[in-house]
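Each remark here refers to the structure printed beneath this line.
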Amino acid sequence: MADPQFVHDTFSAIASRYVLANHMLSLGADVLWRSRAVQIISEWHPSNLMDVATGTGDLALDICRELPEIRVLGLDFCEPMLAIARRRGLTRTLQADAMHMPLENASFDALTISFGLRNLPDYTAALLEFRRVLRPGGHLLVLDFSLPDGIARGPYRLYLHHILPHLAACLTGNHSAYAYLGRSIEQFPRGLAMMKLMRQAGFTNPTHLPLCGGIAAIYTAEAR
Ligand SMILES: C[S@@+](CC[C@H](N)C(=O)[O-])C[C@H]1O[C@@H](n2cnc3c(N)ncnc32)[C@H](O)[C@@H]1O
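Encoded structure:
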């Protein structure tokens with residue numbers, strides 16, 4: 392599990408290059424993944440939504456743009472990332488720890504977290520905290536990296552652990568942040584394991600949608 396101080400310092404260090412690095416390292420696929428997430432959210436018709444670990448606000452801003460009827464709050468504990476989100480147009484932001492959010496029980500219709508859950512120190516405790524702030528029947532969407540199944544896994548691991556950190560170091564000047572990315576993806580629960588964690592944290596109807604052959608995935612569930 393991730394060390395919060397390391398995660399905080401890492402994202403503070405790469406904040407100014409984060410958006411560009413993301414798009415280049417995923418060859419633009421992250422844009423498609425977020426677009427799929429927004430499509431799913433549109434079917435829920437929430438009045439309000441919190442994007443946890445919003446970072447530079449990519450998903451929150453897409454939701455604001457595509458679904459302007461939703462009141463969106465972006466939460467993150469890293470001020471340099473949030474400052475960029477605000478500069479890019481995210482008007483409602485909150486600097487806070489996702490593990491202990493200063494928010495009332497049952498106060499949101501929907502909660503999203505993209506490329507964030509993997510960086511939290513305790514997945515079950517985080518999911519319990521997400522369920523706490525969701526109203527009963529509220530929706531959770533998790534978008535994050537995963538590992539492809541079958542023969543693609545070997546070559547993908549080679550890319551993830553031996554090529555990507557060097558490419559990313561050229562873009563961001565930070566090799567350790569992207570060596571950490573590979574490690575965090577390896578130990579992040581996938582597929583059935585993630586759906587089991589969601590059920591244990593009090594969510595029902597978990598779903599799993601692999602993206603781009605399984606290098607990323609969207610999970611959804613409903614708060615009980
Ligand atoms: C990989 S970025 C994802 C940003 C954005 N959601 C996206 O899709 O690009 C992970 C974000 O999680 C935030 N984060 C990590 N641990 C956190 C915590 N305990 N509380 C709040 N934010 C956290 C980091 O500051 C960082 O902005």
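Oh and the sequence shown: position 131 is 522 in our numbering, straight run, nothing missing. The beta carbon of each residue, even a glycine, is placed where N, CA and C say it ideally should be.
In angstroms with no decimal places, state the Cα-to-Cα distance between ILE431 and ALA568.
-> Numbered from its first residue, the sequence shown carries residue 431 at position 40. Numbered from its first residue, the sequence shown carries residue 568 at position 177. If I take the Cα positions, the gap works out to 30 angstroms.
Please confirm whether LEU532 and ALA428 have their CB atoms less than 9 angstroms apart.
-> Taking the first residue of the sequence shown as 1, we reach residue 532 at position 141. Taking the first residue of the sequence shown as 1, we reach residue 428 at position 37. Taking 9 angstroms as the Cβ cut-off, LEU532 and ALA428 qualify as a contacting pair.
Can you tell me the Cα-Cα spacing of ILE461 and ILE454, whole angstroms?
-> Numbered from 1 along the sequence shown, position 70 holds the residue referred to as residue 461. Numbered from 1 along the sequence shown, position 63 holds the residue referred to as residue 454. Going by the C-alpha atoms only, they are around 8 angstroms apart.
Got a sec? Which residues, its chain only, sit under 6 angstroms from ALA404 by beta carbon, not counting five neighbours each side?
-> Stepping through the sequence shown from its first residue, residue 404 is reached at position 13. If we look at ALA404 and ignore the five residues flanking it on each side, its Cβ neighbours are ASN565.
What span of residues does the alpha helix (DSSP H) with THR482 cover, start to end?
-> Position 91 of the sequence shown, counting from 1, holds the residue named residue 482. Per DSSP, THR482 belongs to no alpha helix (DSSP H) and is neither H nor E.
Cα-Cα, which of ILE606, PRO580, ARG590 and LYS587 is closest to PRO546?
-> Taking the first residue of the sequence shown as position 1, residue 546 is located at position 155. That would be ILE606, whose Cα lies nearest to the Cα of PRO546.
Identify which residue in MET492, LEU450, THR482 and ILE609 has its Cα closest to the Cα of PHE468.
-> Residue 468 sits at position 77 when you count from the first residue of the sequence shown. When only C-alpha atoms are compared, the closest one is MET492.
Going by the CB atoms, is the gap between ALA612 and PRO597 shorter than 9 angstroms?
-> Within the sequence shown, residue 597 is the residue found at index 206, counting from 1. Within the sequence shown, residue 612 is the residue found at index 221, counting from 1. Yes, they are a contact pair.
Can you give me the Cβ contacts of LEU418 inside the same chain, cut-off strictly under 8 angstroms, excluding the 5 residues immediately before and after it?
-> Walking along the sequence shown from the start, residue 418 turns up at place 27. So no residue of the chain qualifies.
If we call anything under 9 angstroms between Cβ atoms a contact, is PRO580 one with MET490?
-> Indexing the sequence shown from 1 puts residue 580 at position 189. Indexing the sequence shown from 1 puts residue 490 at position 99. It is not a contact, given that the beta carbons lie outside the stated cut-off.
PRO437: CB within 8 angstroms of a non-hydrogen atom of ligand 1 | As a first step, residue 437 must be located in the sequence shown, where it is residue number 46. It does not: the Cβ of PRO437 is nowhere closer than 8 angstroms to a heavy atom of ligand 1.
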